[in-house]
Each structure stands twice: as C-alpha cells, then as structure tokens.
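Enquirer: Have a look at this one before I ask anything.
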Amino acid sequence: MIEEYLGLFGVDVAIKKLRPGAEFALYNTTITHWECPNGSAPPSWEEIAEQIDADRAEAERRALSESDSRV
Numbered sequence: 000m001i002e003e004y005l006g007l008f009g010v011d012v013a014i015k016k017l018r019p020g021a022e023f024a025l026y027n028t029t030i031t032h033w034e035c036p037n038g039s040a041p042p043s044w045e046e047i048a049e050q051i052d053a054d055r056a057e058a059e060r061r062a063l064s065e066s067d068s069r070v
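Be aware that the sequence shown starts at 0, since it is given in numbering that gives the first Met the number 0, and climbs by one per residue.
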C-alpha cells in the first residue's frame, strides 16, 4: 500500500504512512475524525512535518536519479 504513495508528499500522505489503516478527517490543521485499527493516537504535527520533509527529499532524489539515467 505504501508503494502507491511513492513520489507523493503532503499532510494526508504523511498521515497514511505514519498510521497505515487509520481513517481520519482534517479541517485546516485540526484532525476532526480519528479511527485507527491498532488504537494509536494521531501523529503530532511535528511527526507529520518530518514525514513530509522525508517524502519530499525522496521525491527529489528519485527525480534526480531518473534525470541522470536519461543522460
């Protein structure tokens, strides 16, 4: 399932990666609905920001790698 998010980054993708299987709803920066099958709490905004940064870095690395292989 995580593979379908390769190259993508954002709040919703970060939450899906941090808490696979969780159902959630957002309103601005507030999680308004949270159901997680393993009972875990929603990720903190710090965790979400770190995941977004990691995903963005990975997407940039992949893009550079792909462009290098075309040369």
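Idealized CB from N, CA, C, for every residue including glycine.
Provide the residue span of the alpha helix (DSSP H) that contains residue 13, from first to last.
Expert: Translated into the one-based positions of the sequence shown, residue 13 becomes position 14. Note, residue 13: alpha helix (DSSP H), 10 to 17.
Enquirer: In this structure, does DSSP put residue 7 in helix, strand or coil?
Expert: As a position in the sequence shown, residue 7 is number 8, starting the count at 1. Residue state, collapsed to three classes: coil.
Enquirer: Using the DSSP secondary-structure output, state which residues sit across from residue 34 in a beta bridge.
Expert: Indexing the sequence shown from 1 puts residue 34 at position 35. Under DSSP, residue 34 takes part in a beta bridge, and its partners are 22.
Enquirer: Under the DSSP definition of a beta bridge, which residues are partnered with residue 29?
Expert: Within the sequence shown, residue 29 is the residue found at index 30, counting from 1. For residue 29, which the question treats as bridged, DSSP gives the partners 26.
Enquirer: Taking the straight line between their C-alpha atoms, what separation do you get for residue 20 and residue 61?
Expert: Numbered from its first residue, the sequence shown carries residue 20 at position 21. Numbered from its first residue, the sequence shown carries residue 61 at position 62. Answer to the nearest angstrom: the Cα atoms are 26 Å apart.
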